[in-house]
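Asks:
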Amino acid sequence: MIKAYFDSPAFLQAIDQIRLDRKLSWYQVTKATGLDPNNIRRVGTREKNGFNSNAVAALVLWSGLDPREYMKWKNS
154 MIKAYFDSPA FLQAIDQIRL DRKLSWYQVT KATGLDPNNI RRVGTREKNG
204 FNSNAVAALV LWSGLDPREY MKWKNS
């Protein structure tokens with residue numbers, strides 16, 4: 154069976170690189186996005202109950218990343 158998934162660790166790594174390139178702290182990112190720091194941390198995990206699509210949306214808008222780059226197919 155083939156299923157789709159979002160590569161959240163890679164997405165958070167890209168967010169972190171943008172943060173570093175812009176010389177921002179995580180605190181500044183939370184203020185710019187309106188996110189709680191725990192929501193950003195959960196984006197980088199694959200916990201089924203921790204993934205927050207609204208947090209991903211806020212980070213996509215803030216960063217300008219194309220979320221389709223992090224959507225993958227996986228054979229199971």
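Residue numbers 154 to 229, in the numbering used here, belong to the letters of the sequence shown in order.
The beta carbon of each residue, even a glycine, is placed where N, CA and C say it ideally should be.
Quick caveat: nothing in here was measured; it's all calculated off a predicted structure.
Assign Arg172 to buried or exposed, taking buried as 16 or more other Cβ atoms, counted over all protein chains shown, within 10 Å of its Cβ.
Replies: With 16 or more other Cβ atoms within 10 Å, it is buried.
Asks: Compare the Cα-Cα distances from Gly217 to each of Asp160, Ala157, Ala167 and report the closest residue.
Replies: Comparing Cα positions, the closest option is Ala167.
Asks: With Asp160 and Lys225 assumed to form a contact (beta carbons below 8 Å), what rounded beta-carbon distance in angstroms separates them?
Replies: 5 Å
Asks: How about Leu165 and Val196: are their beta carbons less than 7 Å apart?
Replies: With contacts defined as CB atoms closer than 7 Å, Leu165 and Val196 qualify as a contacting pair.
Asks: Would you kindly check if the distance between the Cβ of Trp215 and the Cβ of Thr183 is under 7 Å?
Replies: no
Asks: If Asn192 sits next to Ala210, beta carbons under 8 Å apart, how far is it from one beta carbon to the other, in whole angstroms?
Replies: 11 Å between Cβ atoms; not a contact.
Asks: Just to confirm, is the Cβ distance from Tyr158 to Lys227 under 7 Å?
Replies: yes
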